[in-house]
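In the working numbering, the protein residues as written are 23 to 229.
Just so you know, even glycine gets a beta-carbon here, dropped at the ideal spot from N, CA and C.
Bear in mind the structure is a predicted one, so any value in this text is a computation, not a measurement.
Right, one structure below, let's go through it.
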Ligand SMILES: Cc1cc2nc3c(=O)[nH]c(=O)nc-3n(C[C@H](O)[C@H](O)[C@H](O)COP(=O)(O)O)c2cc1C
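And the structure:
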């Protein structure tokens, strides 16, 4: 069975972030990976309610009190062999959908180290694996300081699940609709990112 990369985008449909993600995915597809793109903004994903007994911890995201796409997104993550996350920068940091995605799917729920120490809940058993990942942050500002919290915040999605980020892109000065494709340097960089991710996905023996 081909190994699968799932990309999650917090950008506009067909926007700049999605353009770079698609370029990366196309390279990965050419290298034999199955690929899928999920638009977080097309999902019904509501903010975590921080409810007191946190059924999502014991029963998994399917036990969440919110009846939305959270459990489906969690399954998409758990079934993937490679992870790609991209977001535009809004007010120095990734768009808000990334925070909801992280708080609902990741954090303590997918705490690999905690599970090793204290034992994994039933729903997580056997679902922890070596999983390479890559990140793409896209800002429109002309200077990097206005994108300062883009990539660092994308990394916060990955820590607890121990996704091995093997490449990342920090794009600046790509603001207008369609502008992503006019930047040949970033287009090439996105190709390399897709190749690097696909290579890591296909070679789990190289940790
Ligand atoms: C609400 C909002 C806030 C933004 N804030 C920033 C910012 O702080 N820094 C930056 O570099 N670009 C900022 N931008 C520009 C976007 O990051 C840029 O247009 C990007 O290319 C949009 O990506 P998309 O087409 O994938 O949605 C902002 C855009 C919006 C709509």
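Straight-line Cα distance separating residue j from residue i
i, j, result
"residue 272", "residue 125", "Residue coverage of the chain in this structure runs from 23 to 229, which leaves residue 272 outside it and unanswerable."
"residue 32", "residue 63", "6 Å"
"residue 69", "residue 122", "5 Å"
"residue 203", "residue 41", "7 Å"
"residue 130", "residue 184", "12 Å"
"residue 34", "residue 111", "12 Å"
"residue 213", "residue 88", "37 Å"
"residue 147", "residue 79", "13 Å"
"residue 217", "residue 67", "30 Å"
"residue 158", "residue 173", "7 Å"
"residue 119", "residue 190", "19 Å"
"residue 36", "residue 77", "36 Å"
"residue 210", "residue 193", "12 Å"
"residue 108", "residue 57", "15 Å"
Contact with chain D by residue i, beta-carbon distance below 8 Å
i, result
"residue 192", "Absent from the structure: chain D. Only one protein chain is present."
First through last residue of the alpha helix (DSSP H) which encompasses residue i
i, result
"residue 135", "134-140"
"residue 127", "118-127"
"residue 174", "172-180"
"residue 152", "Per DSSP, residue 152 belongs to no alpha helix (DSSP H) and is neither H nor E."
"residue 48", "38-52"
"residue 184", "Run containing residue 184: none; DSSP gives neither H nor E here."
"residue 66", "No alpha helix (DSSP H) contains residue 66, which DSSP labels as neither H nor E."
"residue 169", "Unbroken run through residue 169: none, as it is neither H nor E."
Any non-hydrogen atom of ligand 1 closer than 7 Å to residue i Cβ
i, result
"residue 148", "no"
"residue 118", "no"
"residue 112", "yes"
"residue 34", "yes"
"residue 46", "no"
"residue 223", "no"
"residue 212", "no"
"residue 196", "yes"
"residue 160", "yes"
"residue 163", "yes"
"residue 167", "no"
"residue 56", "no"
"residue 38", "yes"
Contact check, residue i vs residue j, beta carbons under 8 Å
i, j, result
"residue 73", "residue 91", "no"
"residue 28", "residue 99", "yes"
"residue 54", "residue 24", "yes"
"residue 201", "residue 38", "yes"
"residue 114", "residue 168", "yes"
"residue 223", "residue 103", "yes"
"residue 150", "residue 134", "yes"
"residue 163", "residue 195", "yes"
Which residues DSSP lists as bridging residue i, in chain order
i, result
"residue 190", "157"
"residue 230", "Examination of residue 230 is not possible in this model, given that the chain is present from 23 through 229 alone."
"residue 112", "115"
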